[in-house]
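Residue numbers (my numbering): 10 to 115. For each residue, glycine too, the CB sits at the ideal point set by N, CA and C. These numbers come from a predicted model, not from an experiment. Note sheet for the following structure.
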C-alpha cells in the first residue's frame, strides 16, 4: 500500500493505492488521524487505486468516519474499483459515507 497526502486548507486528500489489509491498515489509520488533527474542514480518501480491501481496512474507514463526525469534518470517498465498491455496498457503508467516482465530483 502507498499513501500520498495532500493537505489543503479546505480539503485534505489521502490517496491510497495497492492493498489495504491487516498489515497496511494502521498506516491509513495514522494518515486519517493526521488529517483530522490538521484542522481541515473536509477530508477525501481517494481509494480509486486500491485493488483489495479487507475488514481491517473497512474498520479504519469506519473509525475515520467517527473521528470526522466528532471533529465536524466532512468525509468523502473516491472508489472506482468494482470489487472495493461491492464491499462497501455489502456492508451498507455506501449509504453512510458519500462515495464518488473522481475527486472532481466532490
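Sorted by chain position, which residues of the same chain lie with C-beta nearer than 6 Å to residue i's C-beta, five sequence neighbours on each side aside?
i	result
residue 69	34, 37, 38
residue 21	44, 47, 49, 52
residue 88	56, 94, 108
residue 76	45
residue 83	51
Can you give me the C-alpha to C-alpha distance between residue i and residue j, rounded to a whole angstrom?
i	j	result
residue 114	residue 59	18 Å
residue 79	residue 48	13 Å
residue 42	residue 95	26 Å
residue 40	residue 19	17 Å
residue 11	residue 28	9 Å
residue 61	residue 15	22 Å
residue 92	residue 25	15 Å
residue 103	residue 63	16 Å
residue 98	residue 110	14 Å
If you follow the alpha helix (DSSP H) that residue i is in, where does it begin and where does it stop?
i	result
residue 36	34 to 46
residue 89	Residue 89 -> no alpha helix (DSSP H), and no H or E assigned at all.
Near residue i, what residues of its chain come up, given a Cβ to Cβ distance below 7 Å and the 5 sequence neighbours on each side ignored?
i	result
residue 65	30, 31, 34
residue 100	67
Since residue i and residue j are thought to touch, with beta carbons under 8 Å apart, how far apart are those beta carbons, to the nearest angstrom?
i	j	result
residue 107	residue 85	5 Å
residue 105	residue 74	7 Å
Examine the ligand SAM and report whether any of its heavy atoms sits within less than 7 Å of the Cβ of residue i.
i	result
residue 46	With respect to small molecules bound, the structure shown includes none, and the ligand SAM cannot be examined in it.
Please list the terminal residues of the continuous beta strand (DSSP E) segment that includes residue i.
i	result
residue 24	20 to 29
residue 115	Segment: none, residue 115 is in no beta strand (DSSP E) and carries neither H nor E.
residue 57	51 to 62
Please return the same chain residues whose Cβ sits closer than 8 Å to the Cβ of residue i, not counting the five positions on each side in sequence.
i	result
residue 72	38, 41
residue 112	22, 53, 55, 87
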